[in-house]
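See structure below.
Number of protein chains: 2
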Amino acid sequence: MAKRWQRRKEARTAEILEAALGQFAQKGFAATKLDDVAKSAGITKGTIYLYFDSKQALFEALAQGSIGAQMDAVKAQLENFSGSSAELLKLVLNTMGHFAQTSDRVVLPRMVMAEAANFPKLAQFWRREIIARGLGIFTFIIRRGVERGEFRAVDPEHAARLCVAPVLMIVLWRTTFARFDETPYDHQALIETHLETLLTGLKAP
Amino acid sequence: MAKRWQRRKEARTAEILEAALGQFAQKGFAATKLDDVAKSAGITKGTIYLYFDSKQALFEALAQGSIGAQMDAVKAQLENFSGSSAELLKLVLNTMGHFAQTSDRVVLPRMVMAEAANFPKLAQFWRREIIARGLGIFTFIIRRGVERGEFRAVDPEHAARLCVAPVLMIVLWRTTFARFDETPYDHQALIETHLETLLTGLKAP
DNA sequence: CAAATTAATGACCAATGGGTTATTAATTTG
DNA sequence: CAAATTAATAACCCATTGGTCATTAATTTG
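First to last, the protein sequences are chains C and X. Quick note on our numbering: the first sequence kicks off at 1 and runs consecutively. Quick note on our numbering: the second sequence kicks off at 1001 and runs consecutively.
Right under this line is the structure:
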């Protein structure tokens, strides 16, 4: 006979977060029921409150975790890179593009945008920790290229946004409209076209 | 002594929609209270139900109105244009860029994205009516440029997305993070950098 | 100006769901 | 193996809010 439940203090937090990610991503913050999160995690609602203070705390814990690390990994590649800036841009954009195409964490940006008005603190956190860092990476690469005479004299702040914009587009497409595509859109080809066009457009004359 | 209320059947619908736009944009669908919408429109909740069947119907009416027209206006310029494709792309992108920077309707895309999972019908409508048309405009311009030998041989479907991506970025920035900018970001300069880079990147060799 | 019409109200209902807590039982301790 | 501990439950509370409807009064009609 199966036990009614087991004590698994260590595993619960991660399981609850995982379940909550699915529900929030699917329904949005307000429409998500904690009973459903609990069911999805194989526990009951009361248990959630042993690990998180409130629904809001659960949401914030989610939105703050795990994407920053990805960014740091990319950043680490920057310092020691010795090739051309074009190669560096290719490397980074391919890494991010791959992440955008495959990770299930990409639902987070859409969540944050959707709830930014209700959670100003959270929006500010993202603006500072995630977006600023992401843009910083591209600003660094562009500036490097301009300084080394590889790219034409372009404003790094603006150019950085041009770099990420298509990646953002992929993320939003995947999490919003992809399911209505009868033939799946080829995101990788978009990244490649983006790289060709962008690098040609940036090249010093 | 002021009357307690007036009968204004014709004006109500628009007023309710306007009020609802503000609330939905600010709070999201689920977190929006119809009492607040009513208060913002200067009426009571019951009155809303004289004009709309349900909260969902109100949301859908909003999300389906008014942005398609903007697109048609742009489309009309396409057919008779006789200048270079680069000029045409500049014209269209500046028009859309201006709209993205100034219109209060740009909260709609974010709303739709946020609620797409809860309103699949609506997402499909947007995908078909708004996005497909928007991409169609750019696909047309790119194809025109390639056929006339002005642009290099690039896939119009992919290139079209590269065109809009920065506009989308402006929309999302404005509606999510702009309020945390101590110095406002110069979106117009982004559009200009985008145009320079993109046109250089697309030019036939 | 009286009667008929209907736009608008506001009190009300019922369901939903966030959060609490007394109780249970799995696990640990001595 | 008995006692103590605590992870987990599940029944419960109650504030919120979408939606309804009987009533009111602004407006129109004849």
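Virtual Cβ for every residue (Gly too), placed ideally from N, Cα, C. Values in this document were obtained by computation on a predicted structure and should not be read as measured data.
Please report how far the alpha carbon of Ala-1031 of chain X lies from the alpha carbon of Thr-32 of chain C, in whole angstroms. Cα to Cα, Ala-1031 of chain X sits roughly 11 Å from Thr-32 of chain C.
8 Å Cβ cutoff met for Ala-25 of chain C and Gly-1028 of chain X: Cβ atoms of Ala-25 of chain C and Gly-1028 of chain X: not closer than 8 Å.
So with Cβ pairs under 8 Å, would you call Asp-1104 of chain X a contact of chain C? Judged by the 8 Å Cβ criterion, Asp-1104 of chain X is not in contact with chain C.
Using the Cβ count rule (16 or more neighbours within 10 Å means buried), how would you classify Gly-1097 of chain X? In the assembly as shown, Gly-1097 of chain X is a buried residue. Its beta-carbon has 16 or more other beta-carbons within 10 Å.
Beta carbon of Gln-1070 of chain X, beta carbon of His-1187 of chain X: below 8 Å? Against a cut-off of 8 Å, the Cβ pair of His-1187 of chain X and Gln-1070 of chain X comes out as no contact.
Phe-1151 of chain X beta carbon less than 8 Å from that of Leu-1216 of chain X: Outside the displayed range of chain X (1001 to 1205) lies residue 1216 of chain X, so it cannot be described from this structure.
By the 10 Å Cβ neighbour count, where 16 or more other Cβ atoms means buried, how is Gln-1077 of chain X classified, buried or exposed? Exposed, because fewer than 16 other Cβ atoms sit within 10 Å of the Cβ of Gln-1077 of chain X.
Terminal residues of the continuous alpha helix (DSSP H) containing Trp-173 of chain C? Its alpha helix (DSSP H) spans residues 156–176.
Helix, strand or coil at Phe-119 of chain C [DSSP, three-state]: Phe-119 of chain C: coil per DSSP, three-state reduction.
Local Cβ density within 10 Å of Ser-66 of chain C, reported as buried at 16 or more and exposed below that: With fewer than 16 other Cβ atoms from the protein chains shown falling within 10 Å of its own Cβ, Ser-66 of chain C counts as exposed.
Consider the Cβ of Pro-156 of chain C: report whether some Cβ of chain X lies at a distance smaller than 8 Å. No, its Cβ sits nowhere closer than 8 Å to a Cβ of chain X.
One question on the structure: do Leu-1088 of chain X and Phe-1081 of chain X come within less than 8 Å of each other, judged by their Cβ atoms? Yes. Within cutoff.
Whose CA, out of C:Glu-147, C:Phe-125, C:Thr-95, lies closest to the CA of Ser-84 of chain C? Cα-wise, what sits closest to Ser-84 of chain C is C:Glu-147.
Based on DSSP bridge pairs, tell me the residues matched to Lys-1203 of chain X. Among the bridge pairs identified by DSSP, Lys-1203 of chain X is matched with X:Phe-1151.
Check whether the segment 165–176 of chain C and the segment 1009–1022 of chain X touch, using three or more Cβ-Cβ pairs below 8 Å as the test. When Cβ pairs closer than 8 Å are counted between the two stretches, the segment 165–176 of chain C is seen not to touch the segment 1009–1022 of chain X, the count staying below three.
Can a CB atom of chain X be found closer than 8 Å to the CB of Met-1 of chain C? For Met-1 of chain C, the predicted structure reports a pLDDT of 43, less than 50, and the residue's modelled location is therefore unreliable. The matter cannot be settled from this model.
Selected residue, minimal CA-CA separation from Val-92 of chain C, among C:Thr-176, C:Glu-192, C:Thr-200, C:Phe-59: Val-92 of chain C has its Cα closest to that of C:Glu-192, out of C:Thr-176, C:Glu-192, C:Thr-200, C:Phe-59.
What's the call for Gly-134 of chain C, buried or exposed, on a 16-neighbour Cβ count within 10 Å? Counting other Cβ atoms within 10 Å of its Cβ, Gly-134 of chain C reaches 16 or more and is therefore classed as buried.
So Phe-177 of chain C and Ala-1123 of chain X are in contact, right, with Cβ under 8 Å, and what is the actual spacing, rounded? The Cβ separation is near 6 Å, so the contact holds.
Using the Cβ count rule (16 or more neighbours within 10 Å means buried), how would you classify Asp-53 of chain C? With fewer than 16 other Cβ atoms within 10 Å, it is exposed.
Rounded to whole angstroms, how far is the Cβ of Arg-127 of chain C from the Cβ of Phe-1119 of chain X, which I believe are closer than 8 Å? Between Phe-1119 of chain X and Arg-127 of chain C the Cβ distance is about 28 Å, and since that is not below 8 Å, they are no contact.
Under 8 Å between C-beta atoms, does Lys-1027 of chain X make it to chain C? Residue contact check for Lys-1027 of chain X against chain C: a CB pair falls below 8 Å.
Could you confirm whether any beta carbon from chain X is found closer than 8 Å to the beta carbon of Phe-180 of chain C? For Phe-180 of chain C, the nearest beta carbon of chain X is closer than 8 Å to its own beta carbon.
Figure out for me which residue from C:Phe-59, C:Gln-56, C:Leu-62, C:Thr-95 has the closest Cα to the Cα of Asp-72 of chain C. The residue among C:Phe-59, C:Gln-56, C:Leu-62, C:Thr-95 with its C-alpha nearest the C-alpha of Asp-72 of chain C is C:Thr-95.
Any C-beta of chain X under 8 Å from that of His-194 of chain C: Closer than 8 Å to some Cβ of chain X, the Cβ of His-194 of chain C qualifies, so yes.
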